[in-house]
Amino acid sequence: ITRPAVNQELSNLFNELWRLDENRMKPGTDYTVSVQGRAGFVSPGSVMAQDRASLPLFSNVDENKLRNSTTFSRFMKLLDNYERSTGVAEQVTAEELTEISLFLDAVLDTQVMKRAHQHLVSKGWSSSNLRLFKNQLNLIWFHLYHRQRNTGLDSCGFEHVFVGETRSGTEIDGFHNWVQFYLQEKNSHLDYKGYKARDNDLPDHDDHVLNLQFSWHGVVKPVGSAFIGTSPEFEMAVFTVLFLMSTERSTTVLVNIDQCQMELVVFRQGRSLGTAYPKLLSSNGRHVRQHAR
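The opening position of the sequence shown corresponds to residue 1 in full-length UniProt numbering, with each subsequent residue numbered one higher.
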């Protein structure tokens with residue numbers, strides 16, 4: 001398989017966002033991860049997966065730090081606003097609309113999103129007017145649409161990517177956020193089964209992206225992936241840039257962020273986000289060393 005070349009312009013921008021991400025949690029300080037064993041093969045729709053990880057993925061996450069960060073605390077308020085099941089229409093209350101608006105305000109106030117906004121304006125993809133840019137983010141991430149036919153408006157990009165959904169009670173859709181993973185694990189709704197990686201690529205406790213297998217409310221996700229420790233504004237900024245750079249059904253780019261090489265993928269659902277996730281290819285500079293041989 002020929003991989004696309006590394007997108008240098010985006011790698012530069014995303015590394016800049018990475019450095020600006022002052023809310024990012026530090027591995028070993030703000031949270032501890034234990035990756036444990038390599039997960040086995042599981043066919044989609046299966047409810048059984050061998051558990052190769054007897055311990056939780058996350059231990060001692062600094063919840064005070066999460067609560068004291070405006071974006072994280074407003075982000076966590078949004079996590080209980082959604083129906084887990086696709087095909088069940090979302091009821092959005094006035095209070096929830098306020099929570100979304102406050103969350104977007106907090107995100108727009110960060111250095112990360114300000115820099116991303118600057119980039120988007122320079123490309124002509126976003127208005128320099130903050131109110132219009134906020135509306136654009138709202139449309140991309142929070143606009144409700146049909147994920148399953150013949151049902152009410154049952155999904156949105158934010159729900160899919162950050163909260164997770166189940167389809168027909170047999171498959172997990174989306175669910176690419178570490179804070180949601182941690183909170184669901186802590187409440188015993190989620191069981192981490194082990195990491196997924198190629199044979200020679202063993203993840204580390206300080207990797208910023210992990211490919212994972214887990215079960216959630218008894219349903220198995222054979223392979224999921226998520227940024228670890230990053231702030232919600234960082235993830236939203238990265239995927240918003242990716243979303244706006246094309247109008248194709250899907251976009252995949254290869255980037256190097258910090259010491260990781262990853263593919264970033266977005267799917268569009270009209271003018272809103274269908275899904276977005278990172279896929280770790282190699283970490284801790286291994287891809288650099290491999291090329292040097």
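Note that beta-carbon positions come from the ideal geometry of N, C-alpha and C, so glycine has one too.
**Counted within 10 angstroms of its Cβ, other Cβ atoms place Phe239 as buried (16 or more) or exposed** = Within the sequence shown, numbered from 1, the residue matching residue 239 stands at position 239. Under this definition Phe239 is a buried residue.
**Message:** Please classify Gly194 as buried or exposed, where buried requires at least 16 neighbouring CB atoms within 10 angstroms.
**Reply:** As a first step, residue 194 is located in the sequence shown; it is residue number 194 there, counting from the start. Label assigned to Gly194: buried.
**Item:** Cβ separation of Leu183 and Ser225, assumed to be a contact under 8 Å, to the nearest whole Å
**Value:** To locate residue 183, count along the sequence shown from 1; it is residue 183. To locate residue 225, count along the sequence shown from 1; it is residue 225. Their Cβ separation, rounded to whole angstroms, is 18 Å, which puts Leu183 and Ser225 out of contact at 8 Å.
**Prompt:** In terms of DSSP beta bridges, what is Tyr195 paired with?
**Reply:** Within the sequence shown, the letter at position 195 stands for residue 195. Its beta-bridge partners are Arg38 and Leu212.
**Message:** Helix, strand or coil, according to DSSP, for Asn177 in the structure here?
**Reply:** In the sequence shown, the residue the question calls residue 177 occupies position 177. Asn177 falls in the strand class under three-state DSSP.
**Prompt:** Below 9 Å between beta carbons: does that hold for Ser128 and Ser231?
**Reply:** Translated into positions along the sequence shown, residue 128 becomes position 128. Translated into positions along the sequence shown, residue 231 becomes position 231. Not in contact: Ser128 and Ser231 (Cβ atoms no closer than 9 Å).
**Request:** Can you say whether Pro44 is buried or exposed, counting buried as having 16 or more other CB atoms within 10 angstroms of its CB?
**Result:** Looking up residue 44 in the sequence shown gives position 44. Exposed, by the Cβ-count rule.
**Request:** Tell me where the beta strand (DSSP E) around Phe267 begins and ends.
**Result:** Within the sequence shown, residue 267 is the residue found at index 267, counting from 1. Where Phe267 is concerned, the enclosing beta strand (DSSP E) stretches over Cys260 to Gln269.
**For Lys114, the nearest candidate out of Phe162, Leu202 and Phe133 (CA to CA)** = Taking the sequence shown and counting its residues from 1, the one referred to as residue 114 is at position 114. For the options Phe162, Leu202 and Phe133, the alpha carbon positioned closest to that of Lys114 is the one of Phe133.
**Message:** Buried or exposed, going by whether 16 or more other CB atoms sit within 10 Å of the CB of His117?
**Reply:** To locate residue 117, count along the sequence shown from 1; it is residue 117. So His117 counts as buried.
**Prompt:** If we ignore side chains and look at the alpha-carbon of each, how far apart do Thr170 and Gln213 end up?
**Reply:** As a working note, residue 170 is residue 170 in the sequence shown. As a working note, residue 213 is residue 213 in the sequence shown. About 15 Å.
**Request:** Measure the CB-CB distance between Ser250 and His143 and report whether it falls below 9 Å.
**Result:** As a first step, residue 250 must be located in the sequence shown, where it is residue number 250. As a first step, residue 143 must be located in the sequence shown, where it is residue number 143. Taking 9 Å as the cut-off, the Cβ atoms of Ser250 and His143 do not count as close.
**Asked** Under 9 Å, do Pro27 and Ile228 count as touching if we go by C-beta distance?
**Response** One-based indexing of the sequence shown puts residue 27 at position 27. One-based indexing of the sequence shown puts residue 228 at position 228. Taking a C-beta distance under 9 Å as the contact criterion, Pro27 and Ile228 qualify as a contact pair.
**Request:** Go ahead and label Arg293 buried or exposed: buried means 16 or more other beta carbons lie within 10 angstroms of its beta carbon, across all protein chains shown.
**Result:** Mapped onto the sequence shown, residue 293 falls at position 293. Residue confidence is low: Arg293 scores 36 on pLDDT, short of 50, so the model does not pin down where it sits. Its coordinate-derived value is still stated next. By the 10 Å Cβ count, Arg293 comes out exposed.
**Prompt:** For Asn23 versus Phe234, is the C-beta distance shorter than 9 Å?
**Reply:** The count along the sequence shown starts at 1 and reaches residue 23 at position 23. The count along the sequence shown starts at 1 and reaches residue 234 at position 234. It is a contact, given that the beta carbons lie within the stated cut-off.
**Prompt:** Ser225 lies in the beta strand (DSSP E); which residues open and close that run?
**Reply:** As a first step, residue 225 must be located in the sequence shown, where it is residue number 225. Where Ser225 is concerned, the enclosing beta strand (DSSP E) stretches over Val219 to Phe227.
**Asked** Whose C-alpha, out of His217, Leu120, Arg268 and Ile172, is nearest the C-alpha of Ser188?
**Response** For this step, residue 188 is matched to residue 188 along the sequence shown. Nearest C-alpha to Ser188: His217.
**Prompt:** Among Tyr145, Val223 and Leu20, which has the Cα closest to the Cα of Ile172?
**Reply:** To locate residue 172, count along the sequence shown from 1; it is residue 172. Proximity to Ile172 across Tyr145, Val223 and Leu20 peaks at Val223, based on C-alpha coordinates.
**Per-residue burial, Val255 [other beta carbons within 10 Å of its own, 16 or more giving buried]** = Numbered from its first residue, the sequence shown carries residue 255 at position 255. Buried is the call here.
**Message:** Considering Cα atoms alone, identify which of Lys77, Phe58, Lys221 and Trp18 is closest to Gln111.
**Reply:** The residue you call residue 111 lines up with position 111 of the sequence shown. For the residues Lys77, Phe58, Lys221 and Trp18, the minimum Cα distance to Gln111 belongs to Trp18.
**Item:** Coil, strand or helix - Ser282 by DSSP
**Value:** On the sequence shown, position 282 is the one that residue 282 refers to. DSSP places Ser282 in strand when its eight states are reduced to three.
**Message:** Given this structure, state the Cα-to-Cα distance separating Ser46 from Glu165, to the nearest angstrom.
**Reply:** Counting from 1 along the sequence shown, the entry for residue 46 is found at position 46. Counting from 1 along the sequence shown, the entry for residue 165 is found at position 165. Whole-angstrom Cα-Cα distance: 16 Å.
**Message:** Do Val220 and Asp154 count as a contact pair if the criterion is CB distance below 9 Å?
**Reply:** On the sequence shown, position 154 is the one that residue 154 refers to. On the sequence shown, position 220 is the one that residue 220 refers to. It is not a contact, given that the beta carbons lie outside the stated cut-off.
**Asked** Could you give the residue range of the beta strand (DSSP E) that holds Ser73?
**Response** Counting from one through the sequence shown, the residue named residue 73 turns up at place 73. Premise fails: Ser73 lies in the alpha helix (DSSP H), Thr70 to Leu78, not in any beta strand (DSSP E).
**Request:** Name the two residues that bound the continuous alpha helix (DSSP H) containing Asn256.
**Result:** On the sequence shown, residue 256 is found 256 positions in, with the first residue counted as 1. DSSP places Asn256 in no alpha helix (DSSP H) but in the uninterrupted beta strand (DSSP E) bounded by Ser250 to Ile257.
**Item:** Spatial distance of Ile140 from Gly274 (CA atoms)
**Value:** Along the sequence shown, one-based indexing puts residue 140 at 140. Along the sequence shown, one-based indexing puts residue 274 at 274. Roughly 9 Å separates the two Cα atoms.
**Request:** Note the first and the last residue of the continuous beta strand (DSSP E) segment covering Thr110.
**Result:** Residue numbering aside, residue 110 sits at position 110 when the sequence shown is read from its first letter. Per DSSP, Thr110 belongs to no beta strand (DSSP E) and is neither H nor E.
**Prompt:** What are the complete alpha helix (DSSP H) segments, minimum 4 residues, inside the region 128 to 165?
**Reply:** Listed in chain order, the complete alpha helix (DSSP H) runs (minimum 4 residues) inside the region 128 to 165 are 130 to 142.
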